[in-house]
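See structure below.
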Amino acid sequence: MTWATGVGSMPGDDAVGFRQAQETVLGELPDLPHLVELPGRGIEAGMVGRALALVTDLGIDLQPAGWRLTGEPGASGVDHRRARSLLAHDLDVLEELTQGYDGAFKVQVAGPWTLAATVEKPRGDKVLSDVGARRDLAQALAEGVRQHVAELRRRVAGAGRLVVQVDEPGLAGVLAGRVPTASGFGKHRTVHPPEASEALGWVLDAVAGEGAEPWVHSCAPETPLDLVRGAGARGLVVDLDVVDAAGHDVLASILEGVDGGEVVAVGVVPSTDPGSPPTATQVAERVLRWLDVLGLDPDVAGDRLLVVPTCGLSGATPAWSRTALDLAVSAARALT
């Protein structure tokens, strides 16, 4: 059976908005609901702030230029503490809303290379510029994720199948040497694939070590899906429009079932209202055309295939976010 889920972010800018969005996700996504992210609440609730909330071994604060390591373990600023407080609040609400829930569940966290390309060192410039700093951040993230999964097991006791989606939109830029330096006049050196795979693997291994499924999501062009898969990802979440030829080959290999237990989630539902919304049949037909190009029968793909909205659902209206999730579910049912 083809199924559906969401990428993670939703519209909303306060605690009431979070509860409403979480209720929407739990109601609209029976196959695989997820913990909602609301970037509209501020930088502390954005993708990077959310991930840094899990990192307790390093000192972190917020500067005008963005998130920064303080260089002193445990010496975190008020904004980092607020990020952790927001996450704790969200988990409290989630625990309340999932009383009696029985099924699969998904959470999201920014990956080590997206953090390294975003967070600064104590004296400026990105963590990406320092081999030791990026290793420390990746390992601290892995430990934070390990603890996060254990807590989720306790809070959502009915989630027999738990998925952790590692968001890596920055990975392609890191590997291609496209991340700008602090001056803006240069680019950081390219990170070689073995190191990129190793650091990502630490986080994915931490997920798997707690009995959860590690997935990786990226809506950035040129994301090396073969490297991601080799690092230990058991699921790949992509916007179909940005996947290159090599990526399509990787997705086809998964859907053919060469290695059991892997899944592919394709972003095909518009994340914002296009004015003339597609029907569920039209969304399903687009997926069918893609499978036909790959030479795959939908019945072969089966439950290894998911339908999701594309990136950017946080920029939608609450009404469209609900419609987009409903379209994803209905298209998945049509494919089945």
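Using our numbering, the first residue of the sequence shown is number 18, and each one after it goes up by one. Heads up, the beta-carbon is just placed ideally off N, CA and C, and yes, glycines get one too.
Tell me which same chain residues have a C-beta within less than 6 Å of the C-beta of L49, skipping the five on either side of it? As a working note, residue 49 is residue 32 in the sequence shown. For L49, where only same-chain residues beyond five positions count, the Cβ hits under 6 Å are T22, A121, K123.
Is it right to say K143 is buried, meaning 16 or more other beta carbons lie within 10 angstroms of its own, or is it exposed? The residue given as residue 143 occupies position 126 in the sequence shown. K143 comes out buried.
Under a CB-based cut-off of 8 Å, is A100 close to chain B? Of the protein chains in the structure, only one exists, and it is not chain B.
Under a Cβ-count criterion, where at least 16 other Cβ atoms within 10 Å of its own Cβ denotes burial, should E113 be classed as buried or exposed? Counting from 1 along the sequence shown, the entry for residue 113 is found at position 96. By the neighbour-count rule (16 or more Cβ atoms within 10 Å), E113 is not buried but exposed.
List the endpoints of the continuous alpha helix (DSSP H) containing A38. As a position in the sequence shown, residue 38 is number 21, starting the count at 1. 32-45 is the extent of the alpha helix (DSSP H) around A38.
Counting Cβ pairs closer than 8 Å, one from the segment 283-301 and one from the segment 323-336, do we hit at least three? In short, these stretches touch, since the Cβ pair count reaches three.
Mind checking which residues open and close the beta strand (DSSP E) that includes R195? Within the sequence shown, numbered from 1, the residue matching residue 195 stands at position 178. It is not in any beta strand (DSSP E) - R195 carries neither H nor E in the DSSP assignment.
Confirm, please, whether the CB-CB distance from V233 to E185 is below 8 Å. Taking the sequence shown and counting its residues from 1, one reaches residue 185 at position 168. Taking the sequence shown and counting its residues from 1, one reaches residue 233 at position 216. Yes. Within cutoff.
Which residues share a DSSP beta bridge with H51? As a first step, residue 51 is located in the sequence shown; it is residue number 34 there, counting from the start. Answer is K123.
So what's L169 in DSSP terms, helix, strand or just coil? Working through the sequence shown from its first residue, we reach residue 169 at position 152. Helix at L169.
Residue(s) in a DSSP beta bridge with H234: By one-based count along the sequence shown, residue 234 stands at place 217. H234 pairs with D184, V254.
Please return the same chain residues whose Cβ sits closer than 8 Å to the Cβ of R152, not counting the five positions on each side in sequence. Stepping through the sequence shown from its first residue, residue 152 is reached at position 135. Cβ neighbours of R152 beyond the five flanking positions: A216.
Look up Q164 in the DSSP assignment and say whether it is helix, strand or coil. By 1-based counting over the sequence shown, the position of residue 164 is 147. Correct three-state label for Q164: helix.
Short of 7 Å in beta carbon distance, which residues of its chain neighbour G249, apart from the five on each side in sequence? Order them along the chain. Mapped onto the sequence shown, residue 249 falls at position 232. Same-chain partners within the cutoff: G218, L221, D222, A225, P231.
Burial state of Q182, where buried means 16 or more other Cβ atoms lie within 10 Å: In the sequence shown, the residue the question calls residue 182 occupies position 165. That one is buried.
Taking C-beta to C-beta, are R171 and L111 nearer than 8 Å? In the sequence shown, counting from the first residue as 1, residue 171 sits at position 154. In the sequence shown, counting from the first residue as 1, residue 111 sits at position 94. Contact: no.
Is the number of C-beta pairs between the segment 88-102 and the segment 28-35 that are closer than 8 Å three or more? no
Short of 6 Å in beta carbon distance, which residues of its chain neighbour D243, apart from the five on each side in sequence? Order them along the chain. Counting from one through the sequence shown, the residue named residue 243 turns up at place 226. Closer than 6 Å at the Cβ level, and outside the excluded window around D243, lie V267.
When you compare only the Cα positions, how much space is there between G175 and G141? Numbered from 1 along the sequence shown, position 158 holds the residue referred to as residue 175. Numbered from 1 along the sequence shown, position 124 holds the residue referred to as residue 141. Straight-line Cα distance between these residues: approximately 44 Å.
Buried or exposed, going by whether 16 or more other CB atoms sit within 10 Å of the CB of K204? The sequence position of residue 204 within the sequence shown is 187, counting from 1. So K204 counts as exposed.
I'd like to check one pair, V281 with V304: are the Cβ atoms closer than 8 Å? Against the sequence shown, residue 304 aligns to sequence position 287. Against the sequence shown, residue 281 aligns to sequence position 264. No, they are not a contact pair.
Provide the residue span of the beta strand (DSSP E) that contains G83, from first to last. Numbered from its first residue, the sequence shown carries residue 83 at position 66. Its beta strand (DSSP E) spans residues 83-86.
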